[in-house]
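Below: one structure, written as structure tokens.
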Ligand code: ADP
Ligand code: MG
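Numbering (the working numbering), first residue to last: 7 to 704.
Okay, here's the thing in structure tokens:
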């Protein structure tokens, strides 16, 4: 057994009780686990101050000197132990509210100590409350230059396990492992070419660096390794799939496509739309399965790209299907497709949870026989009992609602898996895309249809609605329509309903002559649909809604998006909502209504929204704010990346380097058969040991 696989109880200082606590609270079982439990920060302890230099605004300081006397002061909850400490130049008072007996017993007077803590001013004297106290002889200053701090939990603290304890355990651990005996996990040619620190050295330095620069180097090496193996396994799998999994060959561009393109297309495609369609055509004649992600900002015209790609499938005698994340969206696509394809001999059907009974049987029957050419639907489409005659292409709209596992289900629908086109309007920052969708080829629609005016976004406080209402009135008089969106109240669906219902009544009072639709999550889909249709057809001027309308809804005549309680939305959600307007030729407005008292973060979010319309910029900002873990889609993606050090938001350059390096390695040695690359095969195998092998399901 390798030394790092030893159980924690074999480490001096850790008995069964502590071992159990460490496992329960932090999931640490083995020496290796502990070694990979990295500190969240280091504090530079290389400098000693004189007591006379200390001021209350210093963060952490250390001084060297002796305790001269103890004094117990106050009573009740204020009871405290004060120790007077001097370094021969001046004085510091140390204060303890807890563990007073312990301090009295263990700290000796007139003996050299090093104190470490945060100075504060009490009256005219410098105080340090609960300082770290170390005997000056054992604590060699140059060894202790950078002190690691480890996250602990409440339960650990109660049991007396603090950051300091972990520091000690890891110190002991590193002493027990002979220097140089932690094996290298990256091939030598990569380590030397990229000038990386060796693994043994890096793991030690990540805990106990001699200098800040050494810490940076150690972290760099360990982050690179994490990201490299993620990239290597994604890319190895993607290449394997490309090499072995066959795809339908869509050699023809025939009547459906040409007829539509020359006679029915209501506008000229943008160059970006044309380019993306060309890229997909190339995929679909290659003989391999297409797996392509099309990113395009809201309103960039992804639906048309999807439709035309589907026509290519039809031209080659295959069926196509498109999945949307909500019923509203599915119905909208259904309507759009039916209108666009009207007069062509294409049978388009809708399949959602709402399609029931006889109707459902008819659709299913048509799918099985091949009479239905295009199926539009929601998740219902991937249910096991939906059988296609020959499904050639699947389009997944607004990908972030569909998990990797769901994507995989589609593959089982045919012997040869259908081509897959994934469309997303939530621009994914590059580094995240490389990791989450590293196995997909990516196309970008980086151009909006001509004539769009950038949406004007403003921020107003909720204490002056009169002005807002005047603006709305003005727009409706000009023939436009208005969205009024309220946040979902997660805790109470009833409250939700109350919110939008009250808002609707209130608005009706203010605008007695306008008609108002309302949609929210608690409505029956059929009612939702009716209300939505009234807005789409222009019968109603105002749509009051919760975020059910967030994704994809297309009403080009709507020019105002009012977002109430905008402080309660995340950036990408705000951007999605804003994308509902600005779809026609008219100047559009997005009005973010917030309460007056905003946190700093919220204010910055709102500022970003008013400053830019660029979805990619917003996505980057979103990633910075929230970290990748929170991003919609990462949880549902079904990919559990166990990144301990690397941060997809902050380490973009390392992600890129890892990706490039992995791809160079595989270019040269696709099966990792060369002797110098063996180490990687072993590492990949080791990493997959107790993890779900997610590469098989993407
Ligand atoms: P999204 O990319 O957000 O899904 P849609 O596909 O809903 O955008 O398109 C938004 C609007 O732009 C629709 O009304 C659509 O008909 C229109 N549109 C798409 N492509 C073009 C184009 N090339 N020229 C003009 N309008 C277009
Ligand atoms: Mg769309």
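C-beta: ideal position from N, C-alpha, C; glycine also.
Nearest-angstrom Cα separation, counted from residue j out to residue i
i           : j           : result
residue 453 : residue 277 : 8 Å
residue 228 : residue 213 : 12 Å
residue 47  : residue 152 : 9 Å
residue 571 : residue 600 : 5 Å
residue 640 : residue 659 : At residue 640, the pLDDT of 41 sits below 50, so the modelled position is not reliable; the number obtained from the coordinates is stated separately. Rounded to whole angstroms, residue 640 to residue 659 spans 20 Å at the Cα level.
residue 403 : residue 335 : 9 Å
residue 191 : residue 32  : 25 Å
residue 533 : residue 323 : 37 Å
residue 68  : residue 218 : 18 Å
residue 339 : residue 577 : 26 Å
residue 180 : residue 159 : 23 Å
residue 392 : residue 361 : 13 Å
residue 539 : residue 489 : 14 Å
residue 631 : residue 657 : 14 Å
residue 527 : residue 359 : 15 Å
residue 73  : residue 120 : 10 Å
residue 520 : residue 305 : 27 Å
residue 397 : residue 283 : 19 Å
residue 431 : residue 581 : 10 Å
residue 473 : residue 515 : 16 Å
Buried versus exposed call for residue i [16 or more other C-beta atoms within 10 Å across all chains shown]
i           : result
residue 637 : Annotation note: pLDDT 43 at residue 637 (below 50); position unreliable, coordinate value reported separately. By the neighbour-count rule (16 or more Cβ atoms within 10 Å), residue 637 is buried.
residue 591 : exposed
residue 232 : buried
residue 64  : exposed
residue 220 : buried
residue 201 : exposed
residue 635 : For residue 635, the pLDDT reaches just 48, beneath the cut-off of 50, and the residue's location in the model is therefore unreliable, leaving the point undetermined.
residue 112 : exposed
residue 104 : exposed
residue 289 : buried
residue 224 : buried
residue 26  : exposed
Residues near residue i by beta carbon distance below 6 Å, same chain, minus five either side
i           : result
residue 459 : 593
residue 238 : 668
residue 702 : Note that residue 702 has pLDDT 39, beneath the 50 cutoff, so the model's placement of it is unreliable and the number below is only indicative. Contacts found: none.
residue 356 : 340, 382
residue 124 : 66
Residues near residue i in its chain [Cβ-Cβ closer than 8 Å; skip 5 each side]
i           : result
residue 350 : 262, 265, 266, 270
residue 3   : For residue 3 there is no data in the structure shown, the boundaries of the chain being 7 and 704.
residue 110 : 76, 87
residue 353 : 372, 377, 378, 379, 380
residue 259 : 287, 318, 321
residue 333 : 358, 359, 360, 384, 531, 534, 535
residue 80  : 86
Bounding residues of the beta strand (DSSP E) (the contiguous stretch that carries residue i)
i           : result
residue 24  : Note, residue 24: premise wrong, no beta strand (DSSP E); alpha helix (DSSP H) at 22-32.
residue 47  : 47-50
residue 126 : 125-128
residue 465 : 462-467
residue 139 : 138-141
residue 297 : 297-302
residue 152 : 152-155
residue 550 : 548-551
residue 95  : Element bounds for residue 95: n/a, residue is neither H nor E.
residue 528 : Per DSSP, residue 528 belongs to no beta strand (DSSP E) and is neither H nor E.
residue 330 : Per DSSP, residue 330 belongs to no beta strand (DSSP E) and is neither H nor E.
residue 598 : 595-600
Element boundaries [alpha helix (DSSP H), containing residue i]
i           : result
residue 193 : Where residue 193 is concerned, there is no enclosing alpha helix (DSSP H), given that its DSSP letter is neither H nor E.
residue 53  : Taken as a continuous stretch (DSSP letters only), residue 53 belongs to no alpha helix (DSSP H), as it is neither H nor E.
residue 662 : 658-674
residue 489 : Premise fails: residue 489 lies in the beta strand (DSSP E), 487-491, not in any alpha helix (DSSP H).
residue 212 : 205-213
residue 311 : 308-321
residue 652 : No alpha helix (DSSP H) contains residue 652, which DSSP labels as neither H nor E.
residue 282 : 277-291
CB contact check: residue i to chain C, cutoff 8 Å
i          : result
residue 45 : The structure shown contains no chain C; it holds only a single protein chain.
Contacts around residue i, its chain only, beta-carbon distance under 7 Å, and the 5 residues preceding and following it disregarded
i           : result
residue 188 : 205, 206, 209
residue 614 : 577, 624, 627
residue 395 : 325, 373, 374, 375, 376
residue 178 : 17, 18, 19
residue 122 : 51, 66, 68, 137, 138
residue 619 : 460, 461
residue 560 : 338, 589
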